[in-house]
Amino acid sequence: MRDYFELPGGYKMPSLAYGTWLIKNEIAAECVKNAIEVGYRHIDTAQAYENEEGVGEGIRQSGIKREELFVTTKVKAEIKSYKKAKKSIDESLERLGLDYVDLILIHCPQPWILFRGPKKFYKENREVWRALEEAYKEGKVRAIGVSNFNGKDIQNLIDNCEIKPMVNQILCHIGKTPTEIIDYCNKNDVVVEAYSPIAHGRALNDKAIVEMAKKYNVSVPQLCIKYTLQLDTVSIPKATSREHIEDNFKLDFEIKEEDMKSLLSLNKMTTY
């Protein structure tokens, strides 16, 4: 397990991020400020979360120097053209109130309504990627990547574009660990980020996970987050209460190798 991942250009991406999915804009500032005070230095948002303004305000309220934070946002899955993607990046910067973001991702290879459907949007994703490459060259973003992409989706960009994806953010948790795409990314030097490490809350009621957490005298969320970190991925837990934000940050324990194998074998949960 590592504290951070080094991206092209020498930028360091902290391995533990604070996720803001489903956090309403009106409370995002307080949540982000609390997370930064607790110790998080990597904040993850997206255009689709509709909370970029609040996230930016929380960053400013924290009083932490901008260069000490790693901020991620994402281009909406429904945006599939160069022109719209380019415009959306500038709009994200404006909403966040930042001169640059550290990482921007294509949120999904297909619009969500067509996710994992037969239409692959290869050409359209190359156009969106061109906008990300341009923003990268202009200094508006320090790293570029994708989210929810499978191997073929990523290979489409590697084979046809100038800059290869640096990051792939995917659903990954105990009970649903997509080893095939993780292995593909590792072989292609693409950093994997694991979102929803607590399985959208479903892990809280899984008997095997609860028992394993008791063994280590930790909470279920702590076990789940540590699991994804020990997979050598960036972990992106979400919480709104100060207590849970703090709890998710306390990870000073190690899951034994045999227990990691046991947890990896629990591939039974599905969410979508």
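Position 184 of the sequence shown, counting from 1, maps to 183 under numbering that gives the first Met the number 0, and the rest follow consecutively. Note that the Cβ used here is the ideal one computed from N, Cα and C, for glycine as well.
Item, Value
"May I ask which residues mark the beginning and end of the beta strand (DSSP E) holding Ile103?", "102 to 105"
"What residues are listed by DSSP as bridge partners for Thr71?", "Asp43, Leu102"
"Which of helix, strand or coil does DSSP assign to Glu161?", "coil"
"Tell me whether Leu21 is buried or exposed, calling it buried when 16 or more other Cβ atoms sit within 10 Å of its Cβ.", "exposed"
"Starting from Met12, follow its DSSP beta bridges and name the residues at the other end.", "Phe4"
"Let me know the secondary structure DSSP gives Ser91 once reduced to three states.", "helix"
"Count the other C-beta atoms from every protein chain shown that fall within 10 angstroms of the C-beta of Arg40, then say buried if there are 16 or more, exposed otherwise.", "buried"
"Kindly list the residues whose CB is nearer than 7 Å to the CB of Val217, restricted to its own chain and excluding five residues on each side of it in sequence; keep chain order.", "Phe252"
"Within the same chain, show all residues whose beta-carbon is closer than 6 Å to that of Tyr271, passing over the 5 residues directly before and after it, in chain order.", "In this prediction, Tyr271 scores a pLDDT of 45, lower than 50, which makes its location untrustworthy; the coordinate-derived value is nonetheless stated afterwards. Excluding residues within five positions, none has a Cβ falling inside 6 Å."
"Near Asn24, what residues of its chain come up, given a Cβ to Cβ distance below 7 Å and the 5 sequence neighbours on each side ignored?", "Glu49, Asn50, Glu52, Gly53"
"Under the three-state reduction of DSSP, which class applies to Glu49: helix, strand or coil?", "coil"
"I think Gly144 touches Leu170, with their Cβ atoms under 8 Å apart; what is that distance to the nearest whole Å?", "Incorrect: roughly 15 Å between the Cβ atoms, too far for contact."
"Between the C-alpha atoms of Lys119 and Lys79, what's the straight-line distance to the nearest angstrom?", "11 Å"
"Quick check: what's the CA-CA separation for Ser185 versus Lys213?", "A small fix is needed here, since residue 185 is Asn in this sequence, not Ser. Going by the C-alpha atoms only, they are around 32 Å apart."
"What residue does the alpha helix (DSSP H) around Leu263 start on, and which one ends it?", "256 to 263"
"Where does Tyr271 fall in DSSP's three states?", "Confidence in Tyr271 is poor, its pLDDT being 45 and thus under 50, which makes the residue's placement unreliable; the coordinate value appears in the next sentence. Correct three-state label for Tyr271: coil."
"Skipping 5 residues on each side, what residues in its chain have a beta carbon closer than 6 Å to that of Ala134?", "Ile88, Val140"
"Whole angstroms are fine: how far does the CA of Pro7 sit from the CA of Glu192?", "16 Å"
"Determine the extent of the beta strand (DSSP E) in which Glu192 is found, giving its start and end residues.", "190 to 194"
"Assign Thr205 to one of two classes, buried (16 or more other C-beta atoms within 10 Å of its C-beta) or exposed (fewer than that).", "A quick correction: the sequence has Asp, not Thr, at residue 205. The residue in question, Asp205, is buried, as its Cβ has 16 or more Cβ neighbours within 10 Å."
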